Amino acid sequence: MRDTFGRTIDYLRLSITDRCNLRCRYCMPDDGVPDLSHHDILSYEEMLRVARVAVDMGVRKIRVTGGEPLVRKGVIDFISRLSALPGHPEITLTTNGLLLADSARDLKAAGLSRVNVSLDTLRPERFFAITRRDGLDRVLAGLEAVQCHGLAPLKINMVPIAGVNADEVADFARLTLKHPWDVRFIEFMPVAGDLDYGEEQRFAADRILGALAAQGKLEPISDARPGSVARLYRYGGGLGRIGVIPAVSQHFCGECNRLRVTADGRVRPCLFSVEELDLRTVLRSSDDDIHLKAVLASAVAAKPEKHRIGESDFQQGPRHMHGIGG
1 MRDTFGRTID
11 YLRLSITDRC
21 NLRCRYCMPD
31 DGVPDLSHHD
41 ILSYEEMLRV
51 ARVAVDMGVR
61 KIRVTGGEPL
71 VRKGVIDFIS
81 RLSALPGHPE
91 ITLTTNGLLL
101 ADSARDLKAA
111 GLSRVNVSLD
121 TLRPERFFAI
131 TRRDGLDRVL
141 AGLEAVQCHG
151 LAPLKINMVP
161 IAGVNADEVA
171 DFARLTLKHP
181 WDVRFIEFMP
191 VAGDLDYGEE
201 QRFAADRILG
211 ALAAQGKLEP
221 ISDARPGSVA
231 RLYRYGGGLG
241 RIGVIPAVSQ
251 HFCGECNRLR
261 VTADGRVRPC
271 LFSVEELDLR
281 TVLRSSDDDI
291 HLKAVLASAV
301 AAKPEKHRIG
311 ESDFQQGPRH
321 MHGIGG
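Residue numbering for the sequence shown is 1 to 326, as defined by full-length UniProt numbering.
Written out as structure tokens, the structure is:
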């Protein structure tokens, strides 16, 4: 699939649940949110149909997200069925890591290729402050399980925020000295207006690079993969890689290759889109895939040239990140 700006769209991010076993402060409001009803969430059969049609239209990679995807019953079998689709797309997963230690072996056997773990601190007391839950020890055990079972390369996504956890950038970077992991620092993205941070707390890419350079010389690494969003570096002698993702200050929209489908069956042309197209109604009203293809094609056509963060006309939507898909 190609959009109106000539970009090849071959990557589908598929959220399978809005539920999560953490309550991260930049993802969910203090008082929580009501869970979507069972009827509102797409069934696995409906999601498989979306994935099959998307692969038929040119999608080559599917990332399973949430919420926290591992809390949904039957996720291992679902991933197995995704990996067996005609065309055999690459299947990856984004998770908070709490349930990885118990599921890494089965995920690998099901055909999962790689795992991204969202982790914003290495300090137990701060983990609780950020997520409103305990469990850092379980996440760290999950990282080791992922490495043990060959879901490589493991990617750790950290969002540094000044006054919250930005003082741990160096600690995260040092993980790459001893482990063959990708540690990626992502600029905070203001998805929902009621969960924003002030400009002074947003830790932009130049500040991230400054903190990294203070720990040692960074060696740039080229990455020729289509749609790659991270600027990659390595410390001399390190086993892993360091990525910096300037999602806001130096957007990578010109390389965007993705669509997002929410757990309740909406397809978003862009993470920051206010616009959503309804897949669920089409899925439940017709068995003819031509209508489903038409909605996906419309979403591709609706992809903007770039996000509008920082522009006077930028609008933050009502959905929080857990409801969009991380």
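All C-beta atoms, glycine included, are put in the ideal place defined by N, C-alpha and C. Values in this document were obtained by computation on a predicted structure and should not be read as measured data.
Inset, instruction - Let me know the secondary structure DSSP gives Pro124 once reduced to three states. - result: helix
Inset, instruction - Check Gly265 in the structure and name its three-state DSSP category. - result: coil
Inset, instruction - Buried or exposed for Cys148, please, with buried defined as at least 16 other CB atoms from any protein chain shown within 10 angstroms of its CB. - result: exposed
Legend entry - Simplified DSSP assignment, three categories, for Ile16: coil
Inset, instruction - Tell me whether Val274 sits in a helix, a strand or coil according to DSSP, three-state version. - result: coil
Inset, instruction - Would you list the residues sitting across from Pro220 in a DSSP beta bridge? - result: Tyr233
Inset, instruction - Measure the C-alpha to C-alpha separation of Leu48 and Ile16 and round it to an integer number of angstroms. - result: 11 angstroms
Inset, instruction - Work out the CA separation of Leu296 and Met158 for me, nearest whole Å. - result: 31 angstroms
Legend entry - The alpha helix (DSSP H) enclosing Glu45, as first and last residue numbers: 44 to 56
Inset, instruction - Starting from Ser118, follow the beta strand (DSSP E) in both directions and report where the run begins and ends. - result: 114 to 118
Legend entry - Alpha-carbon to alpha-carbon, Ala214 and Leu98: 31 angstroms
Legend entry - Reference Asn257, options Ala263, Ile245, Cys270, Ala247, closest by Cα: Cys270
Legend entry - Inter-residue Cα distance where the pair is Arg234 and Met57: 37 angstroms
Inset, instruction - Using beta-carbon positions only, say whether Lys217 and Asp182 come within less than 8 angstroms of one another. - result: no
Inset, instruction - Answer yes or no: do Ile242 and Ala173 have a C-beta to C-beta separation smaller than 8 angstroms? - result: yes
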